[in-house]
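Residue numbers (my numbering): 325 to 612.
We put the beta carbon where it would ideally sit given N, CA and C, even for glycine.
For clarity, every value in this text was computed on a predicted model and none was experimentally measured.
Heads up, the thing below is written out as structure tokens.
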Amino acid sequence: MRRSALSLLRCPACQGSLNLEGEEDVAEQSGRLVCSCGESFEIQEGVPNLVFPRSQAFTLEDADSYDELIEWMGRLLNEDAGAARSRAVDLLEVGPGARLLEVACGPGPNFPHLLKAIGAEGELHAFDISPDMLRVAREKLPSGATNVELSLANGLNLPYADESFDALLHIGTLNRFDDTRRALAEMARVVKMGGKVVAGDEGIAPWHAVTEYGLVLDKFGALFRGQPPLVAVPPTAREVRLQWLFGDAYYLIDFRVGRSVRTLNLDVALPGRNETVRDVLEKKARTP
325 MRRSALSLLR CPACQGSLNL EGEEDVAEQS GRLVCSCGES FEIQEGVPNL VFPRSQAFTL
385 EDADSYDELI EWMGRLLNED AGAARSRAVD LLEVGPGARL LEVACGPGPN FPHLLKAIGA
445 EGELHAFDIS PDMLRVAREK LPSGATNVEL SLANGLNLPY ADESFDALLH IGTLNRFDDT
505 RRALAEMARV VKMGGKVVAG DEGIAPWHAV TEYGLVLDKF GALFRGQPPL VAVPPTAREV
565 RLQWLFGDAY YLIDFRVGRS VRTLNLDVAL PGRNETVRDV LEKKARTP
């Protein structure tokens, strides 16, 4: 990790500031990040392990075969996975110089599209909870990609300060979060007001449910049965949209981050009556 990234990082346990400790010359590669709350997080080969709670850390054995799986899925669906990823990145509405976060980046299949969007002057921060996935992602980074920061972390406890990023992308784990509402709230928290959050996962579009296309995909079990969790979108979200792509087998929710919930003008007069909405509500509240 670079020292310049430290200003964005926060303790995933308490959101406190983190201090870098270790021998001066190697702290960024093999030191540790320490919080005043007592938590500390090791850095190995430049990658901080910010998974919290630590009991949620796990590894995946299929990290090396992920690309083959997606390629097979593309052939099954008669779709181009690269084109679908490019469309998802376009929804972020960012340009050169932007600072992006990818949540649960897996082995990094979105990196080429994200790096193209932000250019050499931008910053890409990405994490996964699986060391194996992050290892493969790191190996696939283009040589000379000095604007990428990788971490191990948990999507329910993002180790970043509020409003750190211009936009955020998450594809592939939304169906599996223990608390989807909290996951989306955390994503919105770390994005600047007005920035975009784009999140999605497997889930066949409902209009295919009774077609041969949908019925065959349903035989793959839970894989394509995910439902867009619109009820979990933060109430502060603006311009919420839902669409399907990649053969209508993946849903994408995108929204613009806001900081306040919508309110009603309860003092507006009711049509043709000499009383307001508030008056009526107060009367109803007093009625036994």
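Distance CB(P431)-CB(V460) smaller than 8 Å: yes
Taking the alpha carbon of R562 as the reference point, which residue from A546, A477, G582, R327 has its own alpha carbon closest?
G582
Point to revise | Integer Cβ distance of F451 from L480, believed to fall under 8 Å | key: Wrong, their Cβ atoms sit about 12 Å apart, outside the cutoff.
Straight-line gap, H532 to L539 (C-alpha atoms, nearest Å)
8 Å
Report yes or no: is there a C-beta of chain D within less than 8 Å of the C-beta of D391?
Here there is only one protein chain, and chain D is not present.
Q) Do you know whose CA, among L541, I577, A491, P372, lies nearest L474's CA? A) P372
message: Which runs of the alpha helix (DSSP H) at least 4 residues long sit entirely within the stretch 343-387? Give them in chain order.
response: 351-354
Review point. Within 10 angstroms of its Cβ, does D572 collect 16 or more other Cβ (buried), or is it exposed?
Key: buried
Skipping 5 residues on each side, what residues in its chain have a beta carbon closer than 6 Å to that of E417?
K520
Which residues in the same chain as L465 place their Cβ atom closer than 8 Å to its Cβ, once the five residues preceding and following it in sequence are excluded? G432, F435, V472
task = Count the other CB atoms, across all protein chains shown, that sit within 10 Å of the CB of K335; report buried if there are 16 or more and exposed otherwise.
result = It is worth fixing the name first, because residue 335 is Cys in this sequence and not Lys. Classification for C335: buried.
### Query
Counting Cβ pairs, one atom from each stretch, are 3 or more of them under 8 Å apart for the stretch 355-375 and the stretch 332-347?
yes
- In terms of alpha-carbon separation, which member of G545, K543, V564, L393 lies closest to P674? No statement about residue 674 is possible, as the shown extent of the chain runs from 325 to 612 and does not include it.
Thinking just about the alpha-carbon of each residue, which of A491, V555, V522 is nearest to the one in T504? V555
query: Taking C-alpha atoms, which residue in R326, P377, L330, E352 lies nearest to A337?
result: P377
### Task
Sort A512, N478, L492 by Cα distance to T560 and report the nearest one.
A512
What number of angstroms, rounded off, separates the C-alpha of E526 from the C-alpha of R399?
16 Å
Residue range of the alpha helix (DSSP H) that includes I394
390-401
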